[in-house]
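Engineer: Pasting in a structure now, in structure tokens, and then I'll have a few things to ask.
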Amino acid sequence: MTEIGNIIASYEKANAAGKKTALATVVKVEGSSYRQAGARMLVTEDGILTGAISGGCLEGDALRKALLAINQKQNKLITYDTSDESILEFSVQLGCNGIVHILFEYIDAADPNNPLEILKKVEENRTESVVLTLFSLERNAKQIGTVNVFQEGKSFVDDSYSLKNEGLNVLKSKSSQIKNIQIENQEQTALFQYIAPPVSLIIAGAGNDVQPVVKMADLLGWEVTVGEGRVTHSTQKRFPEAKNLIVGNAQELIQNVKIDDRTYFVLMTHNYKYDLEVLKFLLNTTCPYIGILGPKTKLQRMFDDLNEQGIILTDEDHKRIYGPIGLDIGAETSEEIALSVISEIKAVMENRKGNSLRYKTDKIHG
């Protein structure tokens, strides 16, 4: 989500300055690639790049192709075969051994349904979205481009291609899909890109050790809320990257945040009673991750105190409570602990174990 947000911000800035732009989108990948289908990059006519479509090896040529799309005011599909070692310009630098199809779209700022205006719909609400992009692998075929966004039973552009049902089915499956379809008696390929709502990270605590956690989460595009009872600590000056700041007790913190299956909680107030109260409230929510800073003895004490109050944790509760918090990377400093915590949350989010990729026997990306 942060990439789309950055691209939209750059587009708005370029548009205000009267600069022409083009959008490059990875629409299909065969084999291995640094970025997967749906990765995007905005290019301005003066060569400013926002986003990424590779690890840096395709961007130089992609810039030239994007400028060509801007000058010709025409969409273009370019295929990079990084598995062909005879193409030294790409294969030696990249080494991904894959074929990457990239769609370049000229952005007509006067068109209310241009690709950037369509992408804005993804950011307007905290909800799931499916972005529909149509392209063709046939030489000299028409490249239609980014045409719609589907959300919660609706589409934002007139569904002239009759693909609303397919888009809503992808929304239900929560998984991007590529399908071959027929449009005006011509074969086109449809990329239905599923985009989940931004991650919401709620941190109970506003001590100095929370600051690097907030900074790292912000870099990932997560929406961060910081809350605790000390008015001197939960401030914008201390946490400029936080989207929301809350000063209040445990109940007030819970009441002032929206909790869904994309909400992750970290308890690090260094106040045992405060953390215990927050944990008690979270047991009645669908929050998939509750990380608790401190030793295992603290966590066991919490379980014992809850048990004495007649609150019995289920197996599912134990599965979503992580304490001591973080991956085992030998972290000691606040910054290292923050890296450990953020990494664990990301691993839980993707249903991964957090092991080294050297031990993975199948593809990195499914």
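Under the numbering used here, read the sequence shown as residues -8 to 357, first letter to last.
By construction, the Cβ of each residue, glycine as well, lies at the ideal position given by its N, Cα and C atoms.
Just so it is clear, the structure is predicted and the values come from calculations on it, not from any experiment.
(1) Going by beta-carbon coordinates alone, are T12 and L33 separated by less than 8 Å?
(2) Could you pull out every residue in the same chain whose Cβ sits closer than 7 Å to the Cβ of E(-6), ignoring the five residues on either side in sequence?
(3) What span of residues does the alpha helix (DSSP H) with F294 cover, start to end?
(4) Can you tell me whether DSSP reads I69 as helix, strand or coil?
(5) Could I get the ranges of all uninterrupted beta strand (DSSP E) runs contained in the stretch -8 to 44, with 3 residues as the minimum, in chain order?
(6) Taking just the CA atoms, how far does Q242 sit from F272?
(7) Quick one: what's got a C-beta closer than 7 Å to S331's C-beta in the same chain, skipping five residues either side?
(8) Considering Cα atoms alone, identify which of L94, I61, L107, E299 is closest to A0.
(9) Return yes when the Cβ of F294 is within less than 8 Å of the Cβ of C278, no when it is not.
(10) Just to confirm my understanding: we take I69, look at its own chain, exclude 5 residues before and 5 after, and list those with CB closer than 7 Å. What are they?
(11) Given the structure, does Q134 come close to the ligand MG, in the sense that its CB is under 7 Å from one of the ligand's heavy atoms?
(12) Inspect the beta-carbon positions of N120 and V140 and report whether they are closer than 8 Å.
(13) What are the complete beta strand (DSSP E) segments, minimum 3 residues, inside the stretch 108 to 156?
(14) Suppose the cutoff is 6 Å on Cβ atoms and the five residues either side in sequence are ignored; what does the same chain contact list for K67 look like?
(15) Hey, how far is the Cα of A132 from the Cα of N176?
(16) Which residue marks the beginning of the beta strand (DSSP E) containing Q177, and which one marks its end?
(17) According to DSSP, is A322 part of a helix, a strand, or is it coil?
(18) Determine the direct distance from the alpha carbon of E178 to that of G218, and round the result to whole angstroms.
(19) Going by C-alpha to C-alpha distance, which of L211, A195, S127 sits closest to I174?
(20) Any contact between the stretch 227 to 245 and the stretch 305 to 314? By contact I mean 3 or more CB pairs, one from each, below 8 Å.
(21) Counting only the same chain and skipping the five closest in sequence on each side, list residues whose C-beta sits under 7 Å from that of V104.
(22) Along the chain, where does the alpha helix (DSSP H) that runs through G51 open and close?
(23) Within 10 angstroms of its Cβ, does R349 collect 16 or more other Cβ (buried), or is it exposed?
(24) Going by DSSP in three states, E96 sits in which element: helix, strand or coil?
Structural biologist: A quick look at the data gives this:
(1) Yes, Cβ-Cβ distance for T12 and L33 is below 8 Å.
(2) R31, G42
(3) 287 to 299
(4) strand
(5) 12 to 22, 31 to 35, 40 to 42
(6) 7 Å
(7) Excluding its 5 nearest sequence neighbours in each direction, S331 has C-beta neighbours in its own chain below 7 Å: G317, L318, I320, A322, listed in chain order.
(8) L107
(9) no
(10) K56, I93, F95
(11) In the structure shown, the ligand MG is absent, as is every other ligand, since no ligand is present at all.
(12) Here residue 120 is Ser; the residue named in the question, Asn, does not match the sequence. Cβ distance < 8 Å, so S120 and V140 count as in contact.
(13) 120 to 126, 136 to 142
(14) A60, F95
(15) 12 Å
(16) Element bounds for Q177: 177 to 186.
(17) Under the three-state reduction of DSSP, A322 is assigned to coil, being neither helix nor strand.
(18) 53 Å
(19) S127
(20) no
(21) Here residue 104 turns out to be Asn, not Val, going by the sequence shown. The residues are V148.
(22) 50 to 63
(23) exposed
(24) E96 falls in the strand class under three-state DSSP.
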